[in-house]
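Beneath this line is the structure, given in structure tokens, with notes to follow.
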Amino acid sequence: MRVGSRVRFVVLVVCASVVLAVSWAAVTSAGASPRGRPRIAGFACVPTVDGPVPVTESSRPFVAVLQADLPAGFVDEEFFVSCSSPSITYKTAVFVRRPADARRASGVVAVEPLHSTGIWGMQTLLQPYFVAHDVAHVGVAASNDVVERILKGGNPTRYASLNVPATPEATNEVLAGVGALLHQRPNSLLSGVRIKSTILGGWSQTSVVTRAFISSPQAKATVDGHRVFDGFFPGQAAVGSSGRSQVGRVPDVGVPVVELQGERELLVTISIYGSLGYRRADSKTYRLYEVAAMSHINDEPDNPVSSFAGGLTCDWPPGAKPSAFRQTDIWAMAFDNLTRWISKGIAPPRAGRIELEADGKTVKRDANGNALGGVRSIFVDVPRSSITPTSLAPGGVVMNPCAYAGYQLDFKQDKLVQLYRTHAGYVQQVVKDTKKLVRERFLLPEDARGLVAAARQANVLTGTS
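Read the sequence shown against this note's numbering and you will find it ends at 487, with the numbers running on by one and no gaps.
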């Protein structure tokens with residue numbers, strides 16, 4: 023090579039090296055990490071993982087209140103996750119329930135913060151759906167309160183090293199970090215599972231936590247260009263868990279959100295605040311399902327959450343009994359619609375809002391005493407009772423736990439004859455209504471079959487045909 027050519031070659035190499043160095047500096051300053059590390063934006067760090075944490079006779083993992091027995095074909099595992107960054111340092115516990123055979127897993131992952139009562143509310147309400155559809159559940163001790171009071175309070179030795187700062191921002195950082203972990207390959211939390219979608223959700227107080235996350239900067243956080251959560255599922259935000267102000271509208275954040283609010287949440291929100299701050303219009307990425315007759319806690323024999331209403335003494339009219347509304351069917355329908363929206367782009371059906379009188383505070387009711395509008399069910403459209411989804415405490419005041427639980431007044435025989443004439447007529451109406459709800463995607467086929475079977479066995483106008 024001639025001298026002049028060598029000089030030009032060296033100059034080109036130096037220039038190229040400078041360009042590459044400048045480009046790399048620009049990338050790293052924008053949030054990328056060195057080679058082999060994920061690129062993150064909008065949150066502090068992807069946590070490191072220790073685990074599964076060993077289980078011994080003297081050291082066992084936390085078991086949630088009302089936690090369902092481990093289903094056949096599933097495994098439970100516990101991990102510790104840690105983050106140390108200039109903005110935050112934390113270490114907490116993550117609890118995984120997943121199909122033992124990773125090849126069987128659907129790829130849908132439900133992520134849930136631990137409730138302040140020590141319950142996985144979303145998992146408890148959706149356990150039959152999760153098992154039937156091979157959904158993995160990832161529970162996160164995301165707040166200082168649950169780490170200190172529940173985990174360390176129950177097992178101070180096992181959880182001695184855990185620490186989460188006592189701020190809402192810390193909770194959002196923990197949740198974002200766990201969401202980011204779930205998008206890593208290989209995955210240290212769900213070994214062998216090919217993850218297709220991650221959904222952050224909760225029930226009651228943890229629905230408030232989920233809604234706060236949706237409204238936070240971390241809701242749009244990304245890891246390697248992918249959102250840390252593919253969708254959100256806030257269910258029945260507990261009035262009063264949001265502090266002195268009522269829960270507000272959640273914003274559109276570019277990924278699907280399906281929000282559940284029962285008639286109970288509507289009534290208590292109006293009673294306390296005089297308006298419905300959570301209400302907003304549906305959009306390309308948002309659905310609100312207000313559910314007529316649904317209480318916060320319902321009396322379903324296969325719903326463990328029902329036990330919270332056990333032994334309550336509330337201000338009920340004579341002849342009333344706890345509402346037997348099928349809350350779990352509604353939750354399964356809504357969650358299923360959300361997963362299809364995320365994975366297949368099939369938008370859920372839109373539902374009207376529960377209808378209010380001109381005063382904006384009183385629910386409109388039909389001739390049977392049940393709410394008009396909202397998401398419908400056989401409990402209001404093929405009724406056997408009038409349902410009031412919230413109760414007053416003795417003395418006629420709005421106070422928990424009575425405000426969580428509803429009651430029903432069963433129809434007398436002459437009313438049932440007027441509506442259905444015979445037992446067969448009642449069953450026929452249930453069959454017709456469940457088919458309509460399945461067609462409109464407000465009821466899953468398997469739950470429709472259960473409702474029809476229950477109707478055939480029901481003591482409604484028996485002996486008539």
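Ideal Cβ positions, reconstructed from N, Cα and C, are used throughout, including at glycine.
Proximity to residue i [Cα-Cα], best of the options
i: Gly95; options: Arg125, Leu483 and Pro69; result: Arg125
i: Ala415; options: Ser81, Leu334 and Asp98; result: Leu334
i: Phe251; options: Val168, Val275, Val169 and Val420; result: Val275
i: Ser81; options: Tyr426, Ala115, Pro108 and Tyr181; result: Tyr181
i: Asp324; options: Phe102, Asp469, Gly64 and Pro83; result: Asp469
i: Asn390; options: Gly396, Ser128, Thr410 and Leu378; result: Thr410
i: Gly73; options: Leu88, Phe65, Met355 and Phe117; result: Phe117
i: Ser297; options: Leu288, Gly224, Pro208 and Ala303; result: Leu288
i: Pro108; options: Val97, Glu195, Gly161 and Ser293; result: Glu195
i: Ser165; options: Ala158, Leu173 and Asp98; result: Leu173
i: Pro187; options: Ile110, Gly396, Ala198 and Ala354; result: Ile110
i: Ser517; options: Asp337, Val452 and Val230; result: Residue 517 is absent from the model: the chain starts at 23 and stops at 487.
i: Gly140; options: Arg119, Glu170, Val153 and Lys113; result: Glu170
i: Val385; options: Lys242, Thr412, Trp363 and Arg406; result: Thr412
i: Glu281; options: Phe255, Lys306, Ser293 and Pro273; result: Phe255
i: Arg309; options: Ser317, Pro340 and Ala356; result: Ala356
i: Lys383; options: Gly395, Val290, Leu465 and Lys242; result: Val290
i: Arg362; options: Ala380, Ala234, Leu92 and Pro278; result: Pro278
i: Ala342; options: Ser408, Gly299, Asp167 and Arg372; result: Ser408
i: Arg207; options: Gly199, Val200, Arg216 and Gly201; result: Arg216
Rounded distance between the beta-carbons of residue j and residue i, thought under 8 Å
i: Gln12; j: Leu147; result: Summary: the structure shown does not reach residue 12, with the chain confined to residues 23 through 487, and so no result is reported for it.
i: Asp455; j: Asp403; result: 5 Å
i: Arg375; j: Asp246; result: Incorrect: roughly 39 Å between the Cβ atoms, too far for contact.
i: Gly270; j: Gly223; result: Incorrect: roughly 18 Å between the Cβ atoms, too far for contact.
Local Cβ density within 10 Å of residue i, reported as buried at 16 or more and exposed below that
i: Asn481; result: exposed
i: Asn422; result: exposed
i: Thr179; result: exposed
i: Gly53; result: In this predicted model, Gly53 has a pLDDT of only 34, less than 50, meaning its place in the structure is not dependable enough to derive any value.
i: Thr493; result: The question about residue 493 has no answer, for the chain in this structure spans 23 to 487.
i: Thr78; result: exposed
i: Lys434; result: exposed
i: Pro76; result: exposed
i: Tyr295; result: exposed
i: Leu461; result: For the sequence presented, residue 461 should be read as Arg rather than Leu. With fewer than 16 Cβ atoms within 10 Å of its Cβ, Arg461 is classed as exposed.
i: Ser226; result: buried
i: Ala154; result: exposed
i: Val249; result: A small correction: the amino acid at residue 249 is Arg; Val does not occupy that position in the sequence shown. Its Cβ being crowded by 16 or more others within 10 Å, Arg249 is buried.
i: Gly428; result: buried
i: Arg59; result: exposed
i: Ser317; result: buried
i: Pro344; result: buried
Identified DSSP bridge partners for residue i
i: His159; result: Arg119 and Ala132
i: Ile384; result: Note that residue 384 corresponds to Thr in the displayed sequence, not to Ile. Answer is none; Thr384 lacks a bridge partner.
i: Ile319; result: Ala427
i: Gln283; result: Glu312
i: Ser219; result: Val130
Within-9 Å CB hit, residue i to chain D
i: Leu441; result: Among the chains in the structure shown there is no chain D, since it carries only a single protein chain.
Task: Cβ contact check for the stretch 211-221 and the stretch 233-241: 3 or more pairs under 8 Å - done: no
- [ ] For the stretch 120-134 and the stretch 145-164, state whether three or more C-beta atom pairs, one from each stretch, are separated by less than 8 Å.
- [x] yes
Open item on the list: Taking 8 Å as the cut-off, does the stretch 345-365 touch the stretch 434-450 (at least 3 CB pairs, one atom from each stretch)?
Closed with: no
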